[in-house]
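Numbering-wise, the sequence shown is residues 2 to 665 according to the numbering used here. One structure is given below, encoded as structure tokens.
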Amino acid sequence: MLSAKAWDWQTNATCESSVDMELVLHYSLIPSFAIILVLSFLERRMSRSQIDGKLHLLNGRFGIVIPLDFVGTFSNRWSFGIAFGATANKVMFLFSEGYLPLRVPKWAQAIVLLIGATEVGLSYFPFFACLSTEFQITGSVLGFFYTFTWFVITITNIVQCPHGQVMGDYEKIIFYWPSLFCLVFLLGRFALMFVKGLRVHLKMDVSDQENHFLEVHQAQHVKRLVRKSPERQAQKSWFQRKVYEWDPCFQFPGRMIGTSALALICLYIFIVIEFFIYKEVSKELKILDQKFEELVDSSNGSEVLVSTVLQLKEFINVIQGVWIFTTFAASLTCVSYIFHILACYRKHMKRLWAGKKHFLPLRSHEPASSQSVQQRNGADSQPHCSPDLTITSTSTLRLRHTPTPALLAASLAGLGYSSHTAPAAIARYSGWQIAYILWGYLIIHVMQCLFGVMIMYSFVLPIQHGQGLEMAKGLAIGILTVGIATGLMILQIKIAARFFLQPKILPDDKQKPLALNNRKAFHNFNYFLFFYNVLLGLGACLFRLLCSVLLGTWLIARIDRTIMQKGYEAADMGFNTWVGMIFMDHYHTNPTLLSFCHILLAEKKLHKSTKYYLFNNIAEPRVSTRARTRWLLLYTLLNNPKLTELRKPNVQSGASAAPQNPCV
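Structural data, given as structure tokens:
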């Protein structure tokens with residue numbers, strides 16, 4: 002990638018800017034830390050510590066500030082996406098490994114890059130923290146002034162010196178306009194937040210910033226599942242039938258929206274850099290072309306030299322034309338991948354919600370030993386029961402602790418993925434997705450350019466040189482050869498099915514049984530075709546290699562699909578990250594689980610709202626908890642016989658004995 006000097010956008014030969022963006026990044030940590038401290042002071046901690054007892058003024062303050070909930074954020078999704086877009090220039094700077102705050106040996110550059118990435122993250126931390134804070138007035142004011150400061154500094158840097166060393170005229174405008182657009186959007190968003198917060202503070206409006214345990218679209222999804230009569234489907238438009246059909250009961254989390262927005266802007270910057278590099282290379286090729294002409298003039302018309310020079314000039318023209326054409330093709334491919342990955346995310350999440358895992362490798366279906374988080378230590382008559390739920394009747398549940406999605410995720414961790422890799426997958430996904438898109442664009446572009454050159458030399462140039470007839474003859478011979486080989490393969494299958502398989506057992510059978518007939522003829526058939534199949538297998542092997550290369554390069558940017566062979570999916574770290582990410586979202590944003598928790602909380606709140614909820618009903622007969630639980634278990638199994646197959650057998654008394662633990 003580009004070096005640090007190539008990314009130096011501060012000075013060039015004609016102008017000099019008074020703004021040093023790298024120095025501004027360093028000094029921006031001071032107001033960033035100040036904003037974090039203010040928001041942390043307003044945030045209250047869930048649990049008190051010993052220091053709160055000594056410092057009464059602290060009163061549980063200085064809680065942890067969350068910039069963005071990467072698991073279940075559905076509010077302000079587009080604002081977070083635009084905030085990610087504002088960081089695009091620095092992300093590309095890190096991607097090029099051009100930002101090294103410390104000069105260290107090469108073996109320690111990975112650590113320095115981590116320090117640089119942390120510095121960039123702290124510099125842009127206030128954007129996200131001010132958007133996600135519950136204190137709208139304070140967050141909007143701090144966020145507005147911090148964003149306005151970055152906007153003024155960026156505009157000053159562009160106005161004082163709009164040109165650069167790498168791309169020349171208007172370099173900074175071309176690079177910085179997406180970030181400027183994002184900063185302007187954030188200014189408007191913070192202004193709107195301030196107005197809304199002020200209206201709520203003056204009691205002119207109702208706050209809509211409450212942390213809803215169950216989102217509206219999730220509740221609508223569950224209602225659609227339990228609806229008895231099917232919903233009437235409205236007539237779909239052409240876009241819905243052919244391109245994309247949106248679902249009002251599904252929303253993408255803020256992580257997916259932010260990743261897609263940042264990937265689009267970074268891809269734009271990457272394509273612009275590549276285009277200007279292409280222009281510089283084209284200038285060098287023109288100089289080389291002029292030298293070739295001078296060499297031809299000085300050689301007194303040597304036919305061999307003239308022919309060679311003409312072929313080189315033709316090759317240069319072909320490369321330039323194909324590179325420009327494939328730039329658009331590769332760009333459209335990667336842009337379509339970004340949106341297609343969103344569609345695949347929705348499809349995979351819906352499949353997981355429905356309990357379908359056939360689209361995942363087998364190793365992701367079974368839980369690891371580390372997932373057995375339901376077991377408890379110590380003597381307990383019901384060692385596998387959840388400590389937070391106790392069944393009291395066939396229609397109600399009594400809560401000893403407040404349920405959370407994490408609790409149900411732990412209780413359902415046996416559904417399939419390693420519990421210690423999924424959180425890391427959430428942390429890795431966004432960064433890896435952007436890197437895969439950028440590197441995938443470059444690899445796809447190079448491969449498309451190579452295939453374009455092959456097509457030009459195979460079909461286009463022979464026609465231009467008047468060799469179309471010879472090209473057509475060679476193409477016809479090649480097609481005929483492949484057709485004969487394919488026909489012989491099909492003929493082998495037809496002969497084997499016609500003469501070497503016994504007739505159908507029943508007339509209605511679709512296929513013949515796998516039972517040999519005419520065995521002696523079958524053995525002679527195999528013997529004489531053995532030597533020919535050796536040669537035919539060589540072509541099949543090359544075709545297999547070609548298909549693997551084409552599919553591997555074409556799908557290199559797709560993190561949602563593995564390019565490894567079946568059984569080797571574990572070597573694809575990108576796909577493992579995708580699987581861990583969707584399982585993490587499945588456990589923590591499953592609408593059915595969240596609806597269940599919502600019902601439990603509503604039941605508990607309604608139970609506490611009664612006047613005599615603390616008194617026990619003395620008229621109720623005393624029955625042991627174990628007997629009541631077993632009776633409810635029997636009642637459940639009678640109404641749901643299929644659940645019997647899913648019960649875990651008792652290890653101590655053998656698989657055939659009934660389990661003693663009623664909660665298993």
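We treat Cβ as the ideally placed atom computed from N, Cα and C, and that holds for glycine. If you're wondering where the values come from, they're calculated on a predicted model, not measured in any experiment.
With 16 other Cβ atoms within 10 Å as the buried cut-off, status of residue i
i: residue 172; result: buried
i: residue 223; result: buried
i: residue 645; result: exposed
i: residue 527; result: exposed
i: residue 131; result: buried
i: residue 558; result: buried
i: residue 137; result: buried
i: residue 381; result: Interpretation of residue 381 is limited by its pLDDT of 37, a score under 50 that renders its predicted location unreliable; no figure is taken from the coordinates.
i: residue 650; result: exposed
i: residue 119; result: exposed
i: residue 647; result: exposed
i: residue 121; result: buried
i: residue 331; result: buried
i: residue 466; result: exposed
i: residue 580; result: buried
i: residue 262; result: buried
i: residue 85; result: buried
i: residue 509; result: exposed
i: residue 26; result: buried
i: residue 595; result: buried
Residue(s) in a DSSP beta bridge with residue i
i: residue 517; result: 502
Beta-carbon proximity check, residue i vs residue j, cutoff 8 Å
i: residue 87; j: residue 162; result: no
i: residue 429; j: residue 571; result: no
i: residue 125; j: residue 155; result: no
i: residue 426; j: residue 582; result: yes
i: residue 314; j: residue 298; result: no
i: residue 323; j: residue 450; result: yes
i: residue 560; j: residue 584; result: no
i: residue 89; j: residue 33; result: no
i: residue 191; j: residue 144; result: yes
i: residue 435; j: residue 264; result: yes
i: residue 598; j: residue 251; result: no
i: residue 69; j: residue 146; result: no
i: residue 219; j: residue 249; result: no
i: residue 72; j: residue 589; result: yes
i: residue 472; j: residue 464; result: yes
i: residue 270; j: residue 93; result: yes
i: residue 513; j: residue 497; result: no
i: residue 591; j: residue 354; result: yes
i: residue 258; j: residue 78; result: yes
i: residue 74; j: residue 81; result: yes
i: residue 293; j: residue 310; result: yes
i: residue 344; j: residue 437; result: no
i: residue 578; j: residue 440; result: no
i: residue 490; j: residue 537; result: yes
Cβ distance (whole Å) where residue i is taken to contact residue j below 8 Å
i: residue 198; j: residue 141; result: 6 Å
i: residue 268; j: residue 442; result: 6 Å
i: residue 29; j: residue 66; result: Contact doesn't hold; Cβ gap of about 17 Å is too wide.
i: residue 338; j: residue 253; result: About 16 Å; that fails the 8 Å criterion.
i: residue 523; j: residue 544; result: Incorrect: roughly 27 Å between the Cβ atoms, too far for contact.
i: residue 554; j: residue 444; result: 6 Å
i: residue 446; j: residue 327; result: 6 Å
i: residue 679; j: residue 336; result: Outside the modelled stretch of the chain, which goes from 2 to 665, sits residue 679, for which no answer is possible.
i: residue 39; j: residue 139; result: 7 Å
i: residue 349; j: residue 340; result: That pair is no contact at about 15 Å.
i: residue 83; j: residue 187; result: 6 Å
i: residue 20; j: residue 150; result: The pair is not a contact, with the Cβ atoms about 12 Å apart (cut-off 8 Å).
i: residue 525; j: residue 503; result: Wrong, their Cβ atoms sit about 18 Å apart, outside the cutoff.
Any non-hydrogen atom of the ligand ADP within 7 Å of residue i CB
i: residue 85; result: No copy of the ligand ADP appears in this structure; indeed no ligand is present at all.
Uninterrupted alpha helix (DSSP H) stretches inside the region 414 to 494 (no shorter than 4 residues): 423 to 456 and 462 to 465
Practice problem: Can you check the region 184 to 223 for any alpha helix (DSSP H) of at least 4 residues that lies completely inside it and give the ranges in chain order? | Solution: none
At what residue ranges does the region 245 to 275 contain a whole run of the beta strand (DSSP E), taking only runs of 3 or more?
-> none
message = Suppose only complete runs of 4+ residues qualify. What are the alpha helix (DSSP H) ranges in the region 547 to 621, listed by chain order?
response = 574 to 590 and 592 to 610
4-residue-minimum alpha helix (DSSP H) runs that sit fully inside the region 124 to 190, ordered along the chain:
126 to 133 and 137 to 161
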